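These notes are about the structure you will find just below.
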Amino acid sequence: MRNRAAWRHWAASFHRACRPTSDIISTVEFNHTGELLATGDKGGRVVIFQREQESKNQVHRRGEYNVYSTFQSHEPEFDYLKSLEIEEKINKIRWLPQQNAAYFLLSTNDKTVKLWKVSERDKRPEGYNLKDEEGRLRDPATITTLRVPVLRPMDLMVEATPRRVFANAHTYHINSISVNSDYETYMSADDLRINLWNFEITNQSFNIVDIKPANMEELTEVITAAEFHPHHCNTFVYSSSKGTIRLCDMRASALCDRHTKFFEEPEDPSNRSFFSEIISSISDVKFSHSGRYIMTRDYLTVKVWDLNMENRPIETYQVHDYLRSKLCSLYENDCIFDKFECVWNGSDSVIMTGSYNNFFRMFDRNTKRDVTLEASRENSKPRAILKPRKVCVGGKRRKDEISVDSLDFSKKILHTAWHPSENIIAVAATNNLYIFQDKVN
Amino acid sequence: MAGAAGPAAGSGAAGGDGDDSLYPIAVLIDELRNEDVQLRLNSIKKLSTIALALGVERTRTELLPFLTDTIYDEDEVLLALAEQLGNFTGLVGGPDFAHCLLPPLESLATVEETVVRDKAVESLRQISQEHTPVALEAHFVPLVKRLASGDWFTSRTSACGLFSVCYPRASIAVKGEIKQYFRSLCSDDTPMVRRAAASKLGEFAKVLELDSVKSEIVPLFTNLASDEQDSVRLLAVEACVSIAQLLSQEDIEALVMPTLRQAAEDKSWRVRYMVADKFSELQKAVGPKITLNDLIPAFQNLLKDCEAEVRAAAAHKVKELCENLPIEGRETIIMNQILPYIKELVSDTNQHVKSALASVIMGLATILGKENTIEHLLPLFLAQLKDECPEVRLNIISNLDCVNEVIGIRQLSQSLLPAIVELAEDAKWRVRLAIIEYMPLLAGQLGVEFFDEKLNSLCMAWLVDHVYAIREAATSNLMKLVQKFGTEWAQNTIVPKVLVMANDPNYLHRMTTLFCINALSEACGQEITTKQMLPIVLKMAGDQVANVRFNVAKSLQKIGPILDTDALQVEVKPVLQKLGQDEDMDVKYFAQEAISVLALA
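So the protein lines, in turn, are chains A and B. Numbering-wise, the first sequence is residues 430 to 870 according to my numbering. Numbering-wise, the second sequence is residues -2 to 598 according to my numbering.
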């Protein structure tokens, strides 16, 4: 371990116990300060964790995340007009920049985006005129003076209240939401369209991208993810199932059907196969914090693109190239359609994304080193140190190596998050949430 | 609000020997924390009653502290609270104590809901006027500073709206501070705050000394107008108007125009849209000379902008722009510099642009006079009347009155008719509905002859449209026509046709007859109603469809007051009595209702 100096120890500091299967975690997101971490699950619930405040006698406890608030964000619904069930599963959560003492987040399922307020209350009014302390009604005849209620301290209570519901704007399934740097608008993207919303207005949104062909039989491409530029309020990107990324400038026109930039890597004819198109579909797109780069994840790789170079990515990382020979069986069990997400660390120097068998990968962009780690209950006892894993491809398997054939494809890590400024990561492995922290020293 | 539920409103009578006047107040106070939002809202709206009962002392020491911490409530309750507090000065002991109202309003000014914050700011502005100059500096200005340097952008945005009310009444030293705070908000980190500052820039400029406007506001304005966020830049356009109003022509040219020119050519369409949208205000603010030199060329560019939203906004302003030009030389400017661009827009690719233009283009007729209208505008009108988009045609038709005054409608009637007919038969019922609504207007301008000849049959056809909303609109259209053309016309042309429908095999059409009678009876008067309509209605009382029968009862109730007592007693009463015994429940109900309303029992 010590020899791999690029990778400091990753110590598991917290892990969430197994929960019923309806609670498969479907999204993980830190807020802008990293003090809070939100997860959404298949059951429509949002769980928010808060980082333990540092205390003098328990220095090492700093970094533990405890449950702060849990609420039901979405309920299952039924669309009677289309005879369609609408799942309650939370597809994405995005935090808003903090605007007052309360916290705000957007959560979305397939159809409806909701704005939630999470706030604290530590005072409660006391004293009634018509009732006594025990709540018994007083005889009105005895009321000779008026009492104004007084506020008294009480145990801290965290409440989540729905502030806005942005509904009825998406015919297809919402795959992304992204808050604009103007703090005033956000966008929601589904398979064929992207809409722009104002936070204050729920009854109308503007359609900014529409790739629906007049005849649905001519459909060749869908939108898979979309995100706003972190600083330029007019710029956003969206990725497609054809492995391309389009960058649009909202200044140019109200409808962004025509892109400003088009990022695409020419296909390598030698690698062409039946699965080429499926595995080139982009499952996630993320701007770097600096706004200079975009990262995309397809089935086998993570690519980093420079906004100024459209014809090829500047970096390509193999996530699990050993699966290339197994695409056929991955196609048969539908795993090939899994949508892996990817994240940047706070300084954009490391990227992280998930794989199978509860493995997740990190790539250091400067040293070009990479590591495979495993999120499992056995090795995540508090303060245990994560050991790098290795998958062997050839015939002879060394000790501590896992053969490709023994990988468990039902244990997949699709959703991860990286603290905005520190080396703390959150990894969702089906119904477990693991939080790992870089062990300093 | 948390806490156990209080008693519902009005539950329990006031106690016999207790102080009667206290009980309702006690209920109101308890309901400030009721679980039912409506009851809380109700209590907040009667806050002045509570305060009056408590007296000024207890209002200050007990009620206001409680309200200061009550910021967890629903928006509508907070909104009502913010509004109430604006008028509370008298209830806390007059202007000397007005500052007691600042803490609750301060906490309301930091909530996330914009409407609540805006209302709190409005109330604060109101209360600031009630502060003495000393109290203003001792209490109000510190509050503004607190908000302006708050941690969260909600409080800083609220602060932006308060500078202009304290500046004029502050001492010189404090004035300097206020300006300093405003400056720092104009370059705040968050776009929210910069937007708030940009939108209050004009208002703040108005209360500043002219020198300060030039030396301090203008640089802020220039900065905001070149902000990296277009949502901030576009607000600077509005500030342009207010600032230009304060400056002399030379100063406008030197200090404002460079920024405005830049905004009109901004890379972001939203900023250019804003320039187009505020064009009339800008035009008035900068005066005629700059308008001719600068704004007209800018406007030409906006009219041929690459973004349809911008063209549409500019097209909307065409008439106002022309109206506001100096009368001298106006015609030439319009003919040479505006009209060529308008001609292009008539065949624009975007229907919103065309329909925006269609909604104002007729207004140019009065400005340009008869000859120009016939020669230049008429071909445009005619082209728009043939436009593929119904909205364009409708907008032209709805503004016919402007042209009528100048050239008379005859010039247009040949093209008008096919346009109307086509709209009248449009597949979209909303389009048909829209044209029906213009029928009385058209009838008035085209005259009775033309109407009878060409349009009457359309009006009748709508009566049997398959959409109820159209049949309904057609009925009220008939009434308006009768009001216009008189009863004799009604008797000769409308009534017979309506009555024939009473024998239609479709019961919906038979009901339309009844609806028409309801609408027309009043306009037609007693004689026609009694002689021509009543017999038909009475005959329909024997209809086999219950819906028709109970509508007969309803019609009788409606036309009853127009009939004389004789007809009522002899003809109406027996029929209603018979319907009152009908086997259908609804028919019975409406018959009995008619009997009691007409007092025939």
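Ideal placement from N, C-alpha and C gives every residue a C-beta, glycine not left out. Just so we're clear, the structure is a prediction, and the values are computed from it rather than from any experiment.
Within chain B, the residues placing a beta-carbon under 7 Å from that of residue 531 of chain A are 109, ordered along the chain. Between the region 180 to 196 of chain B and the region 217 to 224 of chain B, the count of C-beta pairs closer than 8 Å reaches three or more; the two stretches touch.
One thing to note: residue 178 of chain B has its Cβ within 8 Å of the Cβ of residue 142 of chain B. The criterion of a C-beta distance shorter than 8 Å is not satisfied by residue 802 of chain A and residue 792 of chain A. In the same chain as residue 722 of chain A, and ignoring 5 residues on each side of it, the C-beta atoms closer than 8 Å to its own belong to 716, 733, 734, 735, 736, 743, 777, in chain order. Residue state for residue 587 of chain A is assigned as strand, using DSSP reduced to three classes. Here residue 189 of chain B carries a helix assignment [DSSP, helix/strand/coil]. Distance from the CA atom of residue 425 of chain B to the CA atom of residue 477 of chain A, rounded to whole angstroms, is 50 Å. Where residue 39 of chain B is concerned, the enclosing alpha helix (DSSP H) starts and stops at 34 to 42. For residue 545 of chain B, the uninterrupted alpha helix (DSSP H) run begins and ends at 543 to 556, by DSSP. Assigned with DSSP and collapsed to three states, residue 451 of chain B falls in helix. Against chain A, the beta carbon of residue 151 of chain B has neighbours under 8 Å at 528, 529, listed in chain order. In this structure the region 386 to 406 of chain B lies against the region 442 to 454 of chain B, because at least three pairs of beta carbons, one per stretch, are closer than 8 Å. Ranked by Cα distance from residue 493 of chain B, the options B:453, B:467, B:468, B:469 are led by B:453. Cβ atoms of residue 660 of chain A and residue 677 of chain A stay farther apart than 8 Å, at about 16 Å. For residue 85 of chain B, there are no C-beta contacts with chain A under 7 Å, since the nearest C-beta of that chain is about 15 Å from it.
At least one CB of chain A lies nearer than 8 Å to the CB of residue 189 of chain B.
Per DSSP, residue 688 of chain A lies in no beta strand (DSSP E) and is assigned neither H nor E. With fewer than 16 other Cβ atoms from the protein chains shown falling within 10 Å of its own Cβ, residue 465 of chain B counts as exposed. In this structure, the CA atom of residue 491 of chain B is about 8 Å from the CA atom of residue 475 of chain B. If the five residues before and after residue 854 of chain A are omitted, its C-beta is found closer than 6 Å to the C-beta atoms of 847, 865, all from its own chain and listed in chain order. The Cβ atoms of residue 26 of chain B and residue 594 of chain A do not sit closer than 8 Å to each other. Residues of chain A with a Cβ closer than 7 Å to the Cβ of residue 249 of chain B do not exist; the shortest Cβ-Cβ separation is about 27 Å. Look at residue 136 of chain B here: in three-state DSSP terms it is helix. Along the region 261 to 283 of chain B, going in chain order, the ones with a CB nearer than 9 Å to a CB of chain A are 263, 264, 265, 266, 267, 268, 270. Contacts between residue 511 of chain A and chain B, judged by CB atoms closer than 9 Å, are missing: the closest CB pair is about 24 Å apart. About 5 Å separates the CB atoms of residue 471 of chain B and residue 460 of chain B; that is less than 8 Å, so the two are in contact.
At least 8 Å separates the beta-carbon of residue 344 of chain B from that of residue 392 of chain B. The beta carbon of residue 756 of chain A lies closer than 6 Å to those of 704 in the same chain, with the five residues before and after it left out. Below the 8 Å Cβ cutoff, chain A contributes 610, 611, 662 as neighbours of residue 226 of chain B, in chain order. For residue 664 of chain A, the enclosing beta strand (DSSP E) covers residues 664 to 669.
Contact between the region 510 to 523 of chain A and the region 569 to 587 of chain A is absent, with fewer than three C-beta pairs closer than 8 Å. If you draw a 10 Å sphere on the C-beta of residue 473 of chain A, you find 16 or more other C-beta atoms in it, and that means buried. Residue 710 of chain A sits in coil when the DSSP states are folded into three classes, being neither helix nor strand. Checking the DSSP bridge columns, you'll see residue 844 of chain A partnered with A:857. Fewer than three pairs of CB atoms, one per stretch, sit closer than 8 Å, so the region 630 to 647 of chain A makes no contact with the region 555 to 568 of chain A.
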